[in-house]
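I have placed the structure first, in the form of structure tokens, so that the comments after it can refer back to it.
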Amino acid sequence: MRIVLYRGDGVIEPWEREFHAVMPDVQTVTWKEGELLAPCDYAVLWNPAPALLAQLGDVKAIFLMGAGVDAVLKFGDALPDVPLVRLGDAGMGVQMAEYVAHAVLRYFRRFDEYEQQARHGAWNPLPQHAKEHFTIGVMGLGRLGMPVVEAMRHFGFPVRGWSRSPKDVPGVQTFAGMEALGDFLHGIRVLVCMLPLTQETTNLLDRHNLGRLASGAYLINVSRGAILNEPDLMTLIRSGQIAGATLDVFRHEPLPAPHPFWNEPRITLTPHISALTMRHDAVRQIADKIQTLENGEAVTELVDRQLGY
Ligand code: OXD
């Protein structure tokens, strides 16, 4: 069996090593711009080049090395008509839960304010926030959203969840669809965005929707930067309507040097690290799914191109 491995960032060697360890009988193939690809059974990709995609019409499936599919679906009809499989929770769910729990607790226990105070030599205990008024709203209740919901429940926060289609989650007030978005957002203290980037979610977090949160709310975005209207967030932060944000993803990555987010102390930035792909877990998962497909069975995490995830 031959598998072509490709990443837009060129970091292929560690993936090749992992594939050889997990699937010793498989021949891995690399590809460079301008080359003709020899026939392959499967493709495993991240941020693919259009010229490679154009040569994948005969593979049995394309696997992605991550959970997000926007960087591939943007090619539309140029994407070969073969099954497209995203990564499931390959060690990413727990990392998301760690990242979000850290950010929420930092705001809830006012560590952000204590950091500022300490810089000015101020010893000044602040009143505690009341947990019952610190509602956490999680947008996206999929494989990566649910560990976040569970972590928030573990700490005893009131939790709301919003998803495209109705979901029943014990102990969580759930809302579904655009018609319920206003009710979901109303009065939330910390909004956590875990949504996939689709036509519907692009710019969803704009001045109007963020303005529905509680006064002094916080935003945590760990999914895709283009879901957030960045100038609108700056306006709301400057007005005090939004007290702070923790952002791991941006419309343009790396975040450009002159971007106003860099100099805004109420925004905490990280370089798209909230849930790093664990190579070994990912390759194990892909290997299992290849076996499943070879057995003629259906795999999970098959991308629905209409829905966009
Ligand atoms: C992903 C990502 O989609 O790393 O997996 O953003």
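First residue of the sequence shown: 52, per this note's numbering; consecutive thereafter. Beta carbons are placed, not taken as given, at the ideal position from N, Cα and C, and that holds for glycine. These figures come from a predicted structure and were not determined experimentally.
| request: Count the CB pairs spanning the stretch 131-142 and the stretch 160-176 that are closer than 8 Å, and state whether there are at least three. | output: no
| Gly119 vs Pro309 beta-carbon contact at 8 Å | Here residue 119 is taken as the residue at index 68 of the sequence shown, counted from 1. Here residue 309 is taken as the residue at index 258 of the sequence shown, counted from 1. Their beta carbons are not under 8 Å apart, which means Gly119 does not touch Pro309 by this criterion.
| request: Report whether the distance from the Cβ of Leu138 to the nearest heavy atom of the ligand OXD is below 7 Å. | output: Along the sequence shown, read from residue 1 onward, the residue named residue 138 stands at position 87. Yes - the ligand OXD has a heavy atom lying nearer than 7 Å to the Cβ of Leu138.
| message | Within a Cβ cutoff of 6 Å, which residues of the same chain sit near Lys362, ignoring the five residues on either side of it in sequence? | response | Residue coverage of the chain in this structure runs from 52 to 360, which leaves residue 362 outside it and unanswerable.
| field | Per DSSP, cross-strand counterpart(s) of Met190 | value | Within the sequence shown, the letter at position 139 stands for residue 190. Partner(s): Trp213 and Cys244.
| query | Would you say the beta carbon of Gly59 comes nearer than 7 Å to a heavy atom of the ligand OXD? | reply | Position 8 of the sequence shown, counted from the first residue, corresponds to residue 59. No, since every heavy atom of the ligand OXD falls outside the 7 Å radius drawn around the Cβ of Gly59.
| Proximity test, Thr328 beta-carbon vs the ligand OXD heavy atom, cut-off 7 Å | By 1-based counting over the sequence shown, the position of residue 328 is 277. Because some heavy atom of the ligand OXD lies under 7 Å away, the Cβ of Thr328 counts as near it: yes.
| task | Quick one: residues in its chain with C-beta nearer than 7 Å to the C-beta of Trp82, no 5 flanking neighbours on either side, listed in chain order? | result | Within the sequence shown, residue 82 is the residue found at index 31, counting from 1. Here the set comprises Val55, Tyr57, Leu88 and Leu103.
| query | Using CA coordinates, which residue listed in Leu279, Glu69, Asn346 and Leu107 is at the minimum distance from Gln384? | reply | The question about residue 384 has no answer, for the chain in this structure spans 52 to 360.
| task | Can you check the stretch 100-151 for any beta strand (DSSP E) of at least 3 residues that lies completely inside it and give the ranges in chain order? | result | 112-115
| field | Pick from Phe126, Met74, Gln179 and Met285 that is closest to Met52, judged by C-alpha positions | value | What you label residue 52 is simply residue 1 of the sequence shown in a count that begins at 1. When each option's Cα is compared against that of Met52, the closest is Met74.
| message | Using C-beta distances below 6 Å, list every residue in its chain close to Trp66, excluding the 5 sequence neighbours before and after it, in chain order. | response | On the sequence shown, position 15 is the one that residue 66 refers to. So the list reads Leu56, once near-sequence residues are dropped.
| said: If I measure Cβ to Cβ from Pro98 and keep anything under 6 Å in the same chain, skipping five residues before and after, which residues do I get? | reply: Here residue 98 corresponds to residue number 47 of the sequence shown, with the count starting at 1. The sequence shown places Asn at residue 98, not Pro. Taken in chain order, the residues that qualify are Gly59 and Ala122.
| Proximity test, Cβ basis, 8 Å: Leu264 and chain C | Here chain C cannot be found, since the structure has a single protein chain.
| request: Could you give the DSSP three-state label for Ala89: helix, strand or coil? | output: Indexing the sequence shown from 1 puts residue 89 at position 38. Looking at Ala89 - three-state DSSP - the assignment turns out to be coil, as it is neither helix nor strand.
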